[in-house]
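My numbering puts the first residue of the sequence shown at 26, with every later residue one more than the last.
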Amino acid sequence: MKTRRLTVAQATITFLKNQYIERDGVETLYFGGCFGIFGHGNVAGLGQALQQNPDFRFYQCRNEQSMVHTAVSYAKVKNRLGAFVCTTSIGPGATNMITGAALATINRLPVLLLPGDIFATREPNPVLQQLESAGTQDISVNDCFKPVSKYWDRINRPEQLIYSLPEVMRVLTSQAEMGAVTLSMPQDVQTFAYDYPEDLFKKRVWKIGRPRPDVNLIREAAEWIRNSKNPVIVAGGGAIYSDACDVLHQFATATGIPVGETFAGKGAVRFDQPYSIGGLGATGTKYAIEVANEADVVIGIGTRYSDFTTASKSIFKNPDVKFININISEFDAFKHAALPVVGDAKAVLEELSGLLADFEVAADYRQKIADINKAWDDEVTKIYAEGNGTVVPIDQAVVIGALNTFMDDRDVMINASGSAPGDLHKLWRATDPKNFHLEYGFSCMGYEIAAGLGAKMADPTREIYVICGDGGYLMNNHEIVTAVQEGIKFTILLLNNNGYASIGGLSESIGGERFGTRYQYRDENTGQLSGEFLPVDLAKNAESLGAIVIKATDKKSLDEALAQSKKNDRTTVIYIETNLYRTVKGYHAWWEVPVAEVSTSPSVQKAFETYKENKKEQRIFL
Numbered sequence: 026m027k028t029r030r031l032t033v034a035q036a037t038i039t040f041l042k043n044q045y046i047e048r049d050g051v052e053t054l055y056f057g058g059c060f061g062i063f064g065h066g067n068v069a070g071l072g073q074a075l076q077q078n079p080d081f082r083f084y085q086c087r088n089e090q091s092m093v094h095t096a097v098s099y100a101k102v103k104n105r106l107g108a109f110v111c112t113t114s115i116g117p118g119a120t121n122m123i124t125g126a127a128l129a130t131i132n133r134l135p136v137l138l139l140p141g142d143i144f145a146t147r148e149p150n151p152v153l154q155q156l157e158s159a160g161t162q163d164i165s166v167n168d169c170f171k172p173v174s175k176y177w178d179r180i181n182r183p184e185q186l187i188y189s190l191p192e193v194m195r196v197l198t199s200q201a202e203m204g205a206v207t208l209s210m211p212q213d214v215q216t217f218a219y220d221y222p223e224d225l226f227k228k229r230v231w232k233i234g235r236p237r238p239d240v241n242l243i244r245e246a247a248e249w250i251r252n253s254k255n256p257v258i259v260a261g262g263g264a265i266y267s268d269a270c271d272v273l274h275q276f277a278t279a280t281g282i283p284v285g286e287t288f289a290g291k292g293a294v295r296f297d298q299p300y301s302i303g304g305l306g307a308t309g310t311k312y313a314i315e316v317a318n319e320a321d322v323v324i325g326i327g328t329r330y331s332d333f334t335t336a337s338k339s340i341f342k343n344p345d346v347k348f349i350n351i352n353i354s355e356f357d358a359f360k361h362a363a364l365p366v367v368g369d370a371k372a373v374l375e376e377l378s379g380l381l382a383d384f385e386v387a388a389d390y391r392q393k394i395a396d397i398n399k400a401w402d403d404e405v406t407k408i409y410a411e412g413n414g415t416v417v418p419i420d421q422a423v424v425i426g427a428l429n430t431f432m433d434d435r436d437v438m439i440n441a442s443g444s445a446p447g448d449l450h451k452l453w454r455a456t457d458p459k460n461f462h463l464e465y466g467f468s469c470m471g472y473e474i475a476a477g478l479g480a481k482m483a484d485p486t487r488e489i490y491v492i493c494g495d496g497g498y499l500m501n502n503h504e505i506v507t508a509v510q511e512g513i514k515f516t517i518l519l520l521n522n523n524g525y526a527s528i529g530g531l532s533e534s535i536g537g538e539r540f541g542t543r544y545q546y547r548d549e550n551t552g553q554l555s556g557e558f559l560p561v562d563l564a565k566n567a568e569s570l571g572a573i574v575i576k577a578t579d580k581k582s583l584d585e586a587l588a589q590s591k592k593n594d595r596t597t598v599i600y601i602e603t604n605l606y607r608t609v610k611g612y613h614a615w616w617e618v619p620v621a622e623v624s625t626s627p628s629v630q631k632a633f634e635t636y637k638e639n640k641k642e643q644r645i646f647l
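The structure is reproduced here in structure tokens:
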């Protein structure tokens, strides 16, 4: 057998740069490169290997968590058909990636993590940054990745790489199993040489098939739909990742079945289609919630039914409701005691369309849904025009409306946390499957700016707009520097309301009176954080990181700032202060957050009584 003598790190990079992916006959290079920060745990191994392989591009990042967010965003825009590698040193460099790993796995998005590890030989133990245990020497902080990884391995000997690397790719390209993959690499083993089989480094194409559904199950699903009176579709992220949006549009148009969307699924259908009822669930539209409550058959397409989608299992109130779950993952397909139609969303919808070629919902139901679509669009127009955009500080909804109106159809809006997701889920007029990019599986503050970088790298032809609150900005703004360094331009709308608006509103709802959620000095008399607002200048901070900064105060100046930003050739931050207290109301849907059962606070006591009433609306689907 012909062999090539390489270090473990060199072999890893050589293997990775020869991996390709193919779906529907289209073949593409799988990895976009490697994000990393070097330390003593990876500089001599993976660092040297990356230097020796300049065709596998290395990107210098500023924070280990944010590099994973960037990689996840890249994969999301690529419809999970492309990924990035992330490498760090041992200790804090590695553990900083754990949040990003959890986010990737929860959202079913692929990323390959290569954290450095302690010496496999153990000769210099304990090394700098090593976690010691009195009970075993076979443990390091990298073991913390196990519960948040879909595949985890540690390379203690060079030849183990031969068997581990194909497993890494198997999981990364599995539409049903993908998430974070962690290959823990002891710093000494990275530098060890071995005579690897030449065949390990051949070009390899991983074919992504479209599994067809079981014929009996899909026929039963078609019969359920045919016998339904008020069916509704819940479009999740899987509908987009499967590239099933056109087929979904044809199916909904032909049958008249309304389509509601999860956070991950928003954009699967255009907002202006007569069957579209918009965001569905705890943060859904008024009418989508009403339709869900009356539905007798719920057709979930690529959704994992989070508590926001089901309003903590308090919607879908029809006592006879049944679920049909179309999902590539058997785990998700069986949720809610559903009829599990396991398969690729596009393939399933194509077959279902044939079986239901002569089926349409009743004319009055179709007309009702069309009326709902128009009524909600009129409501959005009204909310976007609130106060005519002249009230200062401006309402968050007006900012969203200005951006939504300004953006082209293929542009991308990114958000992840705070009060904006709830407003966006209700209000955003999505025009393209990638137009609405919201990470809400982990709802991770700090995802936003890093994700802007990843999205632009994944598709440079699109303009990228990031909505980031002051809380998310203060947690993680580092990759502005990387964007400037790489000449990658996107626009950040930095909304400052001097506090955690989302959790503040939640605090009020459970009787907490926004305790600890505003950015204020400590009052010397009361000892509470109730003094003046802090004098932090976020605009100057962004400017110091290399961004162009434009300040806006009202809708007119915001419109002007958006127009200027589009002309800029460098990452631009539009800074605007927004009202902390005025957000879009909810529409008769509940999200369960427990309330203290006993309290001396009257507001908490009142909230607990409301909580008990809402609990009565919950149901178990069996």
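Heads up, the beta-carbon is just placed ideally off N, CA and C, and yes, glycines get one too.
Measure the Cβ-Cβ separation of residue i and residue j and say whether it is below 9 Å.
i, j, result
"Ala480", "Ser165", "no"
"Gly204", "Thr280", "no"
"Gln200", "Ile233", "yes"
"Pro211", "Ile180", "yes"
"Thr328", "Ala289", "yes"
"Ala36", "Tyr300", "no"
"Ala317", "Ile340", "yes"
"Ile326", "Ala260", "yes"
"Gln510", "Gln85", "yes"
"Val257", "Ala455", "no"
"Arg235", "Arg48", "yes"
The beta strand (DSSP E) with residue i in it runs from where to where?
i, result
"Gly118", "Counting along the chain, Gly118 falls outside any beta strand (DSSP E), though it belongs to the alpha helix (DSSP H) covering Pro117 to Thr120."
"Tyr606", "Looking at the DSSP string, Tyr606 is not in any beta strand (DSSP E), and its letter there is neither H nor E."
"Thr28", "Thr28 to Thr32"
"Glu585", "Segment Lys580 to Lys592 is the alpha helix (DSSP H) holding Glu585; no beta strand (DSSP E) there."
"Val136", "Val136 to Asp142"
"Lys704", "An answer regarding residue 704 cannot be provided, because it is not within the stretch 26 to 647 covered by the chain."
"Ser209", "Ala205 to Pro211"
"Phe109", "Ala108 to Thr113"
Grab the span of the alpha helix (DSSP H) containing residue i for me, first residue to last.
i, result
"Pro191", "Gln185 to Leu197"
"Gln510", "Glu504 to Glu511"
"Ala577", "Per DSSP, Ala577 belongs to no alpha helix (DSSP H); it is in the beta strand (DSSP E), Ile573 to Ala577."
"His450", "Ala445 to Leu452"
"Pro627", "Pro627 to Lys640"
"His274", "Cys270 to Thr280"
"Phe356", "Glu355 to Ala358"
I need the straight-line Cα distance from residue i to residue j, nearest angstrom please.
i, j, result
"Gly466", "Leu128", "7 Å"
"Ala320", "Gly447", "23 Å"
"Trp615", "Ile599", "34 Å"
"Ala457", "Ser267", "For clarity, residue 457 is Asp in the given sequence; the question names Ala instead. For Asp457 and Ser267, the distance between alpha carbons rounds to 14 Å."
"Val618", "Lys338", "13 Å"
"Thr542", "Asp548", "15 Å"
"Lys101", "Glu157", "37 Å"
"Val491", "Asn502", "12 Å"
"Ala445", "Pro151", "46 Å"
"Thr207", "Asn167", "9 Å"
"Ile513", "Ala572", "11 Å"
"Asn593", "Leu478", "16 Å"
"Ile419", "Asn440", "19 Å"
"Gln421", "Leu519", "11 Å"
"Val417", "Gly292", "31 Å"
"Gly426", "Asp436", "15 Å"
Got a sec? Which residues, its chain only, sit under 8 Å from residue i by beta carbon, not counting five neighbours each side?
i, result
"Arg251", "Leu381 and Phe384"
"Val629", "Ile535, Gly536, Gly537, Val620 and Ala621"
"Leu679", "Beyond the ends of the chain as shown, which are 26 and 647, falls residue 679; an answer cannot be given."
Going by DSSP, which residues form a beta bridge with residue i?
i, result
"Gln85", "Gly61"
"Pro365", "Asn350"
"Ile243", "According to DSSP, which records beta bridges pairwise, Ile243 is partnered with nothing at all."
"Ser569", "Answer by DSSP bridge pairing: none, since Ser569 is not bridged."
"Leu519", "Cys493 and Tyr600"
"Thr53", "Ile46"
Can you find the residues in the same chain that come closer than 7 Å, C-beta to C-beta, to residue i, ignoring five residues on each side of it along the sequence?
i, result
"Met500", "Met470 and Gly471"
"Ser590", "Thr516, Ile575, Thr597 and Ile599"
"Thr124", "Gln90 and Cys469"
"Phe217", "Thr32, Val33 and Pro183"
"Leu563", "Asp495, Tyr498, Leu519, Asn521 and Tyr600"
Apart from the five residues just before and just after residue i, which ones in its own chain have a Cβ nearer than 6 Å to its Cβ?
i, result
"Arg29", "Tyr221 and Glu223"
"Gly529", "Arg539 and Thr542"
"Glu568", "Val574"
"Phe276", "Leu374 and Ser378"
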